[in-house]
Structure formats: C-alpha cells, structure tokens
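Numbering (the numbering used here), first residue to last: 894 to 1187.
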C-alpha cells in the first residue's frame, strides 16, 4: 500500500475536491495527511475537513504556507467555500503543514509519496528546512507546467521561486502538465452521474457549477458547463501509471513561470508527454463511483 500526503489548494478549482473524493475508490493508497497551501489556508483546511468527514475518512488536515516565496500576489476567486454546508464549524489539526511533511517523510525514508496539486510553496519550504527531504521522499507527483506551447501554467507561475527550488532539488518527480490534463474534460453529464451516487456528490456538483461560472466570467468564451481533471490525472499518474507515457527531462523554470523541458535520460524528473485520455476519464469516474460504496 502506497503512503501518500496530498498537498492542495482546494477550494478554487473543483478538481482538488474531485481528487479527495477519489480516495475511497483507491484502496491501494493510504492517505496519511492533507496539507493546505496558498491564500486562505484556514478556509481551505476547513473545506478539506468537511470533504473528508463527509466521506467518513479520518485523515488529519494541516494549514500550510499562505504567501508564495516569490512574493507574488495571491490569486483569489472569491467563490471559495461558498455553498459548503458545515464549513464555519469545521476544524482541523493544529500542526504546521511543512513540519508534518518533513516528519512523515523522515519517519520511513523512501516510502512516502507527496501529491502536489497546488503551488509548490509547502514542498519547497520543506526542502529548505530539511536538506534530507528531497532524498527521503519516495516521489513527488506534481500537477503543473506546460511543455508544448510555453504557456505559464497557474501552479508553477503562482510561486516561481518555489517551483525552481523543487525542480532543482534532485528529488524524484513526476510532472503531469497542463498540455496533457487539458485532454480530459469533466462536464455536466459526468457531474450528474457522480452526484447520484457519491457521498460528496451534491457538494461536488455545487462546487463544479460555481467554479465553471467563475471561470467563464473570468475568461470570455470559456464554456460554463465543464472544466478539466488536472489534479485527478496527477493522482492517476501514481495509481495507474500505465495510462501515461513519461519522458525523463531536465526542466528549466523561467522567471514568469514558463518551463522548458529537454529529454535527459539521467534526470530525476519525468514528464507526462502522452496519455490515454479516454481510459483516464473512465478510470477517474470509476474511482468516484466505486468510492461511493466504500
């Protein structure tokens, strides 16, 4: 069974919530903690706690870094936490997320994976605080970057300093970039199917529609009835690696968050350069449907 910590900025894009909701349907994963990063981590921690408790999962939740190491202003949609029952009364653990990451990795070196599905500030800070972190972590699975058009993807661009620290750390890293995640959309039909069976179904439907409305208002021409499974696909890179093609790469982080990857067989970083999009979509939905009956 794989040991896992999820480091997340849940609450803005609904895909973080989808990722947590997959956990009951993935029995090969032992989720040991959820750590929160970027912006109002108190609100994010309470939202994660609501999601986990609704699914009956007893997993500790910890607040982490709120401000990027780069000093860049936090992007905040304003819809975070809206329509979440029990949010104001939710509680979470009192420890510091970065300290928890360091402690869990050090407790059994080479056995803990970290799923980084937000800006990389917590993970970078752990690397700065503990020189052995990058050696002791089994693997970092990271959603971020864009390797085809050169677009500065959100997670990496939000904290370029943190991104560079992580990419330069020598830790084993699997990156699932935007150019691959944009190939798997989740639409109203999918949301309704999930809502009919999953304990978090109504919450996920509510949060998806709020996010879609916000996204379409922010970017004219953007559809208001779908988004993409960025973070769930990154989890599937851990649980279902056969769905992906990975290429070892040397990764350079530019000042604006753009990344450049050059094939390098000896690199500790591998980048998803292809995936079976249809199969990944089916596995994502199946994890949620199976999880409904856990």
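Don't be surprised by glycine CBs; every beta carbon is placed ideally from N, CA and C.
Item to complete: Could you check the C-alpha separation between residue 1049 and residue 963 for me, to the nearest Å?
Response: 11 angstroms
Practice task
Taking only the alpha-carbon atoms, compute the straight-line gap between residue 900 and residue 958 and give it to the nearest angstrom.
Solution key: Answer to the nearest angstrom: the Cα atoms are 11 angstroms apart.
Worksheet item: Can you tell me the Cα-Cα spacing of residue 1034 and residue 1005, whole angstroms?
Response: 11 angstroms
Report yes or no: do the segment 1138 to 1148 and the segment 1164 to 1171 share at least 3 C-beta pairs separated by less than 8 angstroms? yes
Exercise. Is it true that the segment 900 to 916 meets the segment 969 to 987, where meeting means three or more beta-carbon pairs spaced less than 8 angstroms apart?
Worked result: The segment 900 to 916 is in contact with the segment 969 to 987.
- residue 937 by DSSP, collapsed to three states: which one? helix
Since residue 1163 sits in a beta bridge, which residues does DSSP pair it with? 1067, 1141
Could you check if residue 1150 is buried or exposed, using at least 16 other CB atoms within 10 Å of its CB as the buried criterion?
buried
Taking contact to mean at least 3 C-beta pairs separated by less than 8 angstroms, is the segment 923 to 932 in contact with the segment 944 to 961? yes
From residue 1051 to residue 1104, what does the alpha carbon distance come to, in whole angstroms?
-> 19 angstroms
Q) Run through DSSP, which three-state label would residue 969 get? A) coil
Counting Cβ pairs, one atom from each stretch, are 3 or more of them under 8 angstroms apart for the segment 1052 to 1061 and the segment 1089 to 1098?
no
Residues near residue 919 by beta carbon distance below 8 angstroms, same chain, minus five either side: 1128, 1132, 1180, 1184
To the nearest angstrom, how far is it from the Cα of residue 1009 to the Cα of residue 1016?
For residue 1009 and residue 1016, the distance between alpha carbons rounds to 8 angstroms.
- Identify every residue that forms a DSSP beta bridge with residue 1115. The partner list for residue 1115 (beta bridge, DSSP) is empty, contrary to what the question assumes.
Those residues which DSSP pairs with residue 1034 across a bridge: 1008, 1067
Specify the secondary structure class of residue 1156 as computed by DSSP and reduced to three states. Residue 1156 falls in the strand class under three-state DSSP.
Problem set entry | Rounded C-alpha distance that separates residue 1122 from residue 1002 | Each residue's Cα considered, the two are about 30 angstroms apart.
Measure from the alpha carbon of residue 1191 to the alpha carbon of each residue in 1043, 983, 1126, 949, then state which is nearest.
For residue 1191 there is no data in the structure shown, the boundaries of the chain being 894 and 1187.
Please state the DSSP three-state secondary structure of residue 1146.
Residue state, collapsed to three classes: strand.
Short of 7 angstroms in beta carbon distance, which residues of its chain neighbour residue 935, apart from the five on each side in sequence? Order them along the chain. 956
Item to complete: Given a cut-off of 8 angstroms, decide if residue 912 and residue 1125 are closer than it, judged by their beta-carbon atoms.
Response: yes
- CB-CB under 7 angstroms to residue 1011, same chain, minus the five flanking residues each way: which ones, in chain order? Around residue 1011, the same chain offers 900, 901, 902, 930, 931, 1048 as residues with beta carbons nearer than 7 angstroms, after the five sequence neighbours per side are excluded.
>> Let's see if you can read the secondary structure: which residues bound the alpha helix (DSSP H) around residue 1087?
In response: 1081 to 1088
message: Can you tell me whether residue 1122 is helix, strand or coil according to DSSP?
response: coil
#### Entry: Beta-carbon contacts of residue 989 that lie in its chain and below 8 angstroms, excluding the five residues immediately before and after
955, 956, 957
With which residues is residue 923 paired in a DSSP beta bridge?
896
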